[in-house]
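Visitor: Dumping the structure here so I can ask a few things about it.
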Amino acid sequence: MKVMIAFATVEGQTEKIAGFVEEELRKNGHEVSVVKVTHEGQTPAFEDYDKVILAASVHERRHPKSFEVLLASQKEMLANKSTLLLSVSLKAAFEDGLEEAQDYVDEMKLRTGFEPDKEALVAGAVRSSSYDYFQSQVVTHVLLGEHGHDSRGREQEFTDWERLTSITKEFVEA
Ligand SMILES: Cc1cc2nc3c(=O)[nH]c(=O)nc-3n(C[C@H](O)[C@H](O)[C@H](O)COP(=O)(O)O)c2cc1C
1 MKVMIAFATV
11 EGQTEKIAGF
21 VEEELRKNGH
31 EVSVVKVTHE
41 GQTPAFEDYD
51 KVILAASVHE
61 RRHPKSFEVL
71 LASQKEMLAN
81 KSTLLLSVSL
91 KAAFEDGLEE
101 AQDYVDEMKL
111 RTGFEPDKEA
121 LVAGAVRSSS
131 YDYFQSQVVT
141 HVLLGEHGHD
151 SRGREQEFTD
161 WERLTSITKE
171 FVEA
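As numbered in my numbering, residues 1 to 174 make up the sequence shown, in order.
Right, here's the structure in full:
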């Protein structure tokens, strides 16, 4: 199967996720291309692929603008492909955050008009070393809250790699 992974990241966790999925799919004999979505980058050649995995992280309730612009402008092309959306956020790491994590996806679908065939909420990571004071306050108090983590001191990865493997394998091999 020819698979395209198009991803947008801010601190790098979604890039790590895209690389992990690429490796896993390659191990299973699939032909995989990975493209980073940016404002300056070229539109990925979706037409050359059977399946498309679209992955992006959430900051202040939204996926990157470049990612939304791509979805909105390519929605007709993507409608003819088999698509999986991976939405990477910290709210997705906790049972009591899943409803909000789903809201981010639903709001993006409304704004862009893009409807993936499958979608998954994927837990991201705390990357304290890349935060300024404001970002560290947002992550500690607004996002993690009573989950008790202090993002000023530690890096922490919440991504469930096994779950990611089964979601993407099931999508590609369906
Ligand atoms: C300033 C800031 C704002 C964020 N806003 C949200 C948010 O609104 N909801 C959420 O669930 N996660 C939020 N996150 C957490 C990120 O989605 C998470 O750290 C993710 O792993 C980032 O992925 P990336 O490294 O690929 O950009 C935020 C993180 C930062 C630093």
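Note that the Cβ used here is the ideal one computed from N, Cα and C, for glycine as well. Please read all numbers here as calculations on a predicted model, not as lab measurements.
Going by the beta-carbon positions, is the gap between L84 and K118 smaller than 7 angstroms?
Guide: For the purposes of this step, residue 84 is taken as residue 84 along the sequence shown, with counting starting at 1. For the purposes of this step, residue 118 is taken as residue 118 along the sequence shown, with counting starting at 1. The answer is yes: Cβ separation under 7 angstroms.
Visitor: Are the region 73 to 83 and the region 31 to 38 touching, with three or more C-beta to C-beta distances below 8 angstroms?
Guide: Verdict: no, contact absent.
Visitor: Alpha carbon to alpha carbon, how far is T9 from R111?
Guide: Translated into positions along the sequence shown, residue 9 becomes position 9. Translated into positions along the sequence shown, residue 111 becomes position 111. Distance between the alpha carbons of T9 and R111 is about 19 angstroms.
Visitor: If you compare alpha carbons, which of K2, K169 and V126 is closest to E47?
Guide: On the sequence shown, position 47 is the one that residue 47 refers to. Comparing Cα positions, the closest option is K2.
Visitor: Is it the case that the Cβ atoms of V37 and S73 are separated by a distance below 7 angstroms?
Guide: One-based indexing of the sequence shown puts residue 37 at position 37. One-based indexing of the sequence shown puts residue 73 at position 73. Taking 7 angstroms as the Cβ cut-off, V37 and S73 do not qualify as a contacting pair.
Visitor: Helix or strand or just coil, what does DSSP make of K231?
Guide: Nothing can be reported for residue 231, as the shown portion of the chain is limited to 1 through 174.
Visitor: Would you mind reading off the limits of the beta strand (DSSP E) that contains K2?
Guide: Locating residue 2 in the sequence shown gives position 2, counting from the first residue. K2 -> beta strand (DSSP E) spans K2 to A8.
Visitor: Given R62, which residues of its chain have a CB within under 8 angstroms of its CB, disregarding the five upstream and five downstream residues?
Guide: One-based indexing of the sequence shown puts residue 62 at position 62. Excluding residues within five positions, the ones whose Cβ falls inside 8 angstroms are E68, Y104, E107 and M108.
Visitor: Does DSSP classify E11 as helix, strand or coil?
Guide: Counting from one through the sequence shown, the residue named residue 11 turns up at place 11. Coil, per DSSP.
Visitor: Give the range of the beta strand (DSSP E) segment to which E177 is assigned.
Guide: Nothing can be reported for residue 177, as the shown portion of the chain is limited to 1 through 174.
Visitor: For T140 versus E24, is the C-beta distance shorter than 7 angstroms?
Guide: Locating residue 140 in the sequence shown gives position 140, counting from the first residue. Locating residue 24 in the sequence shown gives position 24, counting from the first residue. Not a contact, by the Cβ cut-off of 7 angstroms.
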